[in-house]
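Undergrad: Just dropping this structure here.
Number of protein chains: 2
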Amino acid sequence: MATQTGVPEVVVERLPQYLRALAHLKESGIEVISSQQLGDLLQVTPAQIRKDLSYFGRFGKQGRGYAISNLLAQLRSILGLDQTWNVAVVGIGRLGRAIISYPGFEPEGFRIVCAFDSDKAVVGQWAGGLMIHDFSTFKKVAGAEGVQIAVVAVPAAAAQDVIDQLVDAGIKAVLNYAPKSTLAPADVRIRNVDPVVALQSMTYYLSAAR
Amino acid sequence: MATQTGVPEVVVERLPQYLRALAHLKESGIEVISSQQLGDLLQVTPAQIRKDLSYFGRFGKQGRGYAISNLLAQLRSILGLDQTWNVAVVGIGRLGRAIISYPGFEPEGFRIVCAFDSDKAVVGQWAGGLMIHDFSTFKKVAGAEGVQIAVVAVPAAAAQDVIDQLVDAGIKAVLNYAPKSTLAPADVRIRNVDPVVALQSMTYYLSAAR
């Protein structure tokens, strides 16, 4: 499935993984890497890496590999990570509160700026320094806060309804923690955080006779 | 990187995604699918799907596609999902409690059977029907409970030390929620739940001029 930009979505989804690997290499003091070495690290063919990057320009020099700092900066720019993104969390139960206090978002440029729930018992309370707003006010509050991304941490049964309302409010990117497949218009991106898929790729190795 | 079974780890990591897609198709009442159709759905080339599956045997019939129920059953068996796996959660803060109450594990065969923390203030308390054990007793308690997989939900600074102790206790599969890269011996699998990677693949589409 190609997007309006002509870059297949699966390619865009791989770029953050390249970014992560390159950042680790840079931290280790490595300055240049070949597509072969990067491929070995990521378990992807070098041809795949070259093809993926070719959608966005010419990076490495023939026979000399990629200058890591330069490629990192370019990938961050391509992915829109040279700015801060404002995030709303919807559903402030245990999971929502854990998300608000998760320390991994802010250093990567994702700032949680507001919190929503539909339970009157928690609306008006505070979670991690944020007042919990009534979800019925999402459009107004999120608009005023400049929210571009919503994180959904509601029960599975409520997920589709919440996402429908986010779409109505103009949200184009949703990180969904609810264990449920959801639907949205083609111009809205949904990514699911699904720990079960990760577990299922480990049981292979745990099974008997391996 | 190939494993001792000769199947590249990246192939094993793709199988749960095939499983997920096939399960959705089956729920929709579809009985047969071609590698082309499955590839379109997953944004992978049909050749890649055929190659991945070829590591495990011959499934589809030439020109007739894959019988979905049969392929599902075989993939579940290959991945070791035709049994229940006992899981321990380490780190019973907000995130650990959210994981214990997450309803998506049990239907997929992952049963959380015990909980651990090193904070004396919470040890002995209950979380989601489980008594919180002192992490120093992990080896004994997890052994008695038949734990095969550990979920780590401790702060980033504690993650490596906790994983070292899990490895000492004989754990071979770790689902790590701590926002930190960790190391383990080659025969131990670690999967990281990293919501930032998912966010970073959406900002591409949110950036200006697309």
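Top line first, the protein sequences correspond to chains F and Z. So in our numbering, the last spot in the first sequence is 211, and the numbers never skip. So in our numbering, the last spot in the second sequence is 211, and the numbers never skip. For glycine and all other residues, C-beta sits at the position ideal for the given N, C-alpha and C.
(1) Any idea which residues DSSP pairs residue 88(Z) with across the strands?
(2) If the cut-off is 7 angstroms on Cβ atoms, which residues from the region 185 to 197 of chain F count as contacting chain Z, listed in chain order?
(3) For residue 181(F), which of helix, strand or coil comes out of DSSP?
(4) So residue 191(F) is in the alpha helix (DSSP H); what residue range does that whole segment cover?
(5) Here's the rule: buried if 16 or more other CB atoms are within 10 angstroms of the residue's CB, otherwise exposed. What is residue 130(Z)?
(6) Can you list, in chain order, the residues of its chain with a C-beta nearer than 7 angstroms to that of residue 120(F)? Leave out the 5 residues immediately preceding and following it.
(7) I need the straight-line Cα distance from residue 15(Z) to residue 190(Z), nearest angstrom please.
(8) Among the residues of its own chain, which have a CB less than 7 angstroms from the CB of residue 193(F), if the five just before and after it don't count?
(9) Residues of the region 130 to 160 of chain Z with a CB closer than 9 angstroms to any CB of chain F: list them in chain order, please.
(10) Taking DSSP as the reference, what is the three-state secondary structure of residue 210(Z)?
(11) Are the C-beta atoms of residue 94(Z) and some chain F residue less than 9 angstroms apart?
(12) Would you please verify whether the beta carbon of residue 1(Z) is less than 9 angstroms from any beta carbon of chain F?
(13) For residue 107(Z), return the contacting residues in chain F, with the cut-off set at a CB-CB distance below 8 angstroms.
(14) Return the chain-ordered ranges of every alpha helix (DSSP H) run that is complete within the region 34 to 108 of chain Z and spans a minimum of 4 residues.
(15) Is there a Cβ of chain F sitting closer than 9 angstroms to that of residue 4(Z), yes or no?
(16) When you compare the CB of residue 80(F) with every CB in chain Z, is at least one pair closer than 9 angstroms?
(17) If I measure Cβ to Cβ from residue 155(F) and keep anything under 7 angstroms in the same chain, skipping five residues before and after, which residues do I get?
(18) Quick one: Cα of residue 69(F) to Cα of residue 38(F), how far?
TA: In terms of the structure at hand:
(1) In the second sequence, counting from the first residue as 1, residue 88(Z) sits at position 87. Note: residue 88(Z) sits in a beta bridge opposite 113(Z), 150(Z).
(2) 190, 192, 194, 196, 197
(3) Counting from one through the first sequence, the residue named residue 181(F) turns up at place 180. Correct three-state label for residue 181(F): coil.
(4) As a first step, residue 191(F) is located in the first sequence; it is residue number 190 there, counting from the start. Unbroken run through residue 191(F) is the beta strand (DSSP E), 190 to 193; no alpha helix (DSSP H).
(5) Numbered from 1 along the second sequence, position 129 holds the residue referred to as residue 130(Z). Flag for residue 130(Z) reads exposed.
(6) Start at 1 with the first residue of the first sequence, and residue 120(F) comes out as number 119. Around residue 120(F): no qualifying Cβ.
(7) The sequence position of residue 15(Z) within the second sequence is 14, counting from 1. The sequence position of residue 190(Z) within the second sequence is 189, counting from 1. Going by the C-alpha atoms only, they are around 15 angstroms apart.
(8) On the first sequence, residue 193(F) is found 192 positions in, with the first residue counted as 1. Here the set comprises 177.
(9) 149, 150, 152, 154, 156, 157
(10) For this step, residue 210(Z) is matched to residue 209 along the second sequence. For residue 210(Z), the pLDDT reaches just 43, beneath the cut-off of 50, and the residue's location in the model is therefore unreliable, although a value from the coordinates is still provided. In the three-state scheme derived from DSSP, where H, G and I count as helix and E and B as strand, residue 210(Z) is classed as coil.
(11) The residue labelled residue 94(Z) in the question sits at position 93 within the second sequence. Taking Cβ atoms only, chain F reaches closer than 9 angstroms to residue 94(Z), which makes this a yes.
(12) Look at the range of chain Z in this structure, 2 to 211, and you will see that residue 1(Z) is not part of it.
(13) Looking up residue 107(Z) in the second sequence gives position 106. Going along chain F, no residue has its Cβ under 8 angstroms from residue 107(Z), so there is no contact; the nearest lies around 10 angstroms.
(14) 36 to 43, 47 to 55, 69 to 79, 95 to 101
(15) Residue numbering aside, residue 4(Z) sits at position 3 when the second sequence is read from its first letter. At residue 4(Z) the pLDDT is 49, less than 50, meaning the model places this residue with poor confidence; the figure from the coordinates comes in the next sentence. Residue 4(Z) counts as touching chain F.
(16) Start at 1 with the first residue of the first sequence, and residue 80(F) comes out as number 79. By this cut-off, residue 80(F) is an interface position.
(17) As a working mapping, residue 155(F) is identified with position 154 in the first sequence. 91, 92, 163, 179.
(18) Numbered from its first residue, the first sequence carries residue 69(F) at position 68. Numbered from its first residue, the first sequence carries residue 38(F) at position 37. Linking residue 69(F) to residue 38(F) through their CA atoms gives a straight-line distance of about 12 angstroms.
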